[in-house]
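Quick note on numbering: the sequence shown equals residues 3 to 272 in this note's numbering.
Here the structure is laid out as structure tokens; the discussion comes afterwards.
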Amino acid sequence: MVNYSERDRQRWLQASPTHNKIFQWIMEYGTMCQDFLKEIIPERDFSHLEIISEKSLKNVNHKEIRLDILATDKQGNKYNIEMQVADEHNVVERLLYYQSLLVAGGDKYQDIRQSYVIFLCLFSPLKDVQRPDRVISHLERRVTEELEYSLKDRTHTILLNLDGDLRTVNPNLRGFIQALKQQPQTTTSDLGNQLIQAFKDIKADQGKERSYMMLTKAEQDEIRMKERLESAKRYIPRLRIEERWDAAMEEFDYDADKAKAFLEENNIEY
Numbered sequence: 003m004v005n006y007s008e009r010d011r012q013r014w015l016q017a018s019p020t021h022n023k024i025f026q027w028i029m030e031y032g033t034m035c036q037d038f039l040k041e042i043i044p045e046r047d048f049s050h051l052e053i054i055s056e057k058s059l060k061n062v063n064h065k066e067i068r069l070d071i072l073a074t075d076k077q078g079n080k081y082n083i084e085m086q087v088a089d090e091h092n093v094v095e096r097l098l099y100y101q102s103l104l105v106a107g108g109d110k111y112q113d114i115r116q117s118y119v120i121f122l123c124l125f126s127p128l129k130d131v132q133r134p135d136r137v138i139s140h141l142e143r144r145v146t147e148e149l150e151y152s153l154k155d156r157t158h159t160i161l162l163n164l165d166g167d168l169r170t171v172n173p174n175l176r177g178f179i180q181a182l183k184q185q186p187q188t189t190t191s192d193l194g195n196q197l198i199q200a201f202k203d204i205k206a207d208q209g210k211e212r213s214y215m216m217l218t219k220a221e222q223d224e225i226r227m228k229e230r231l232e233s234a235k236r237y238i239p240r241l242r243i244e245e246r247w248d249a250a251m252e253e254f255d256y257d258a259d260k261a262k263a264f265l266e267e268n269n270i271e272y
């Protein structure tokens with residue numbers, strides 16, 4: 003049995019709806035995902051929607067990338083919903099990257115369905131546009147010389163600026179965003195009320211509490227491993243060649259395969 007510290011417990015108590023795992027559970031709650039998508043993409047039919055949380059897809063280098071929420075409708079169209087908390091100044095690049103993951107390898111060109119990538123950002127993702135406070139922005143490919151001509155390549159990219167001017171969106175979506183940010187609701191919103199209820203039920207679920215604390219523990223272990231790797235990258239190359247193998251072995255708990263892979267990946271002679 004895993005024993006959790008008081009710090010782990012406090013992380014759970016302080017976890018907000020915008021934490022990735024909590025957000026995933028909220029999107030899985032009842033008809034939350036369908037109702038949210040209907041608000042963002044009203045022209046689509048979401049009566050039959052299959053929701054897959056934490057779906058892992060492989061990129062061209064066969065590295066697994068974990069998605070927050072992936073959903074498919076009865077026509078096979080795909081919807082990827084991602085929560086973006088920190089502004090790393092690479093939103094557009096990330097959007098393009100996630101969009102590329104949704105096109106399944108081996109599909110015939112004519113069989114490729116519509117794909118939507120939706121980023122919910124706790125910051126203004128497009129700071130250089132005329133309206134950086136715009137809540138919803140749709141990005142698409144167009145011919146530079148004829149901007150009225152859209153390529154209609156079946157890819158749809160949507161940015162939701164949670165820090166934008168909420169007066170410009172309808173009350174239902176406004177209430178959803180306010181509930182997501184744990185702000186007082188200034189309007190009647192079924193979507194916002196549904197989110198609030200989902201969050202309450204999730205926080206009262208002991209199974210989800212254990213899952214969350216296991217996740218945060220794993221995240222902390224991953225952070226510590228990354229710190230060890232960065233430290234090793236700095237100090238091992240400074241050692242004499244005959245000392246580098248022993249240092250790498252010690253750093254990786256005498257796992258020869260990991261030590262060798264680390265040295266070779268970082269071009270460290272040994």
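Glycine included, each C-beta is placed from N, C-alpha and C at the ideal position.
Just to confirm, is the Cβ distance from residue i to residue j under 8 angstroms?
i, j, result
"M215", "W14", "yes"
"V93", "C123", "yes"
"L141", "L161", "yes"
"Y195", "E41", "Tyr is not the amino acid found at residue 195; the sequence shown has Asn there. No, the Cβ-Cβ distance between N195 and E41 is not below 8 angstroms."
"F125", "L97", "no"
"V87", "T159", "no"
"A73", "L51", "yes"
"K80", "R115", "yes"
Work out the CA separation of residue j and residue i for me, nearest whole Å.
i, j, result
"D10", "T218", "7 angstroms"
"Y100", "M85", "13 angstroms"
"P44", "F38", "10 angstroms"
"G166", "F178", "13 angstroms"
"Y111", "T157", "13 angstroms"
"L153", "E147", "13 angstroms"
Measure how close the beta-carbons of residue i and residue j come, nearest whole angstrom, since I'm counting them as under 8 angstroms.
i, j, result
"L168", "L182", "Not a contact, Cβ separation roughly 11 angstroms."
"T200", "M34", "Position check: residue 200 holds Ala in this sequence, whereas Thr was assumed. Confirmed, about 6 angstroms."
"I24", "I198", "Not really, about 13 angstroms apart at Cβ, beyond 8 angstroms."
"D155", "R143", "6 angstroms"
Can you tell me whether residue i is buried or exposed? The criterion is at least 16 other CB atoms within 10 Å of its CB, across all chains shown.
i, result
"M3", "At M3, the pLDDT of 49 sits below 50, so the modelled position is not reliable; the number obtained from the coordinates is stated separately. Burial call: exposed."
"P186", "exposed"
"T190", "exposed"
"T188", "exposed"
"S117", "buried"
"M29", "buried"
In the DSSP assignment, find the unbroken beta strand (DSSP E) run with residue i in it and report its ends.
i, result
"I160", "T157 to N163"
"Y151", "E148 to S152"
"N82", "K80 to Q86"
"S102", "S102 -> not in any beta strand (DSSP E); alpha helix (DSSP H) instead, spanning V93 to L103."
"L141", "I138 to L141"
From which residue to which residue does the alpha helix (DSSP H) around residue i run?
i, result
"F264", "A258 to E267"
"I120", "No alpha helix (DSSP H) holds I120; the beta strand (DSSP E) holding it covers S117 to C123."
"L193", "D192 to K205"
"I114", "Run containing I114: none; DSSP gives neither H nor E here."
"A181", "P173 to L182"
Using a Cβ-based criterion (distance less than 7 angstroms to any ligand heavy atom), does residue i qualify as near the ligand SAM?
i, result
"A234", "No copy of the ligand SAM occurs in the structure displayed, which carries no ligand at all."
Can a CB atom of chain D be found closer than 8 angstroms to the CB of residue i?
i, result
"P19", "As a matter of chain content, chain D is missing from the structure shown, which is built from one protein chain."
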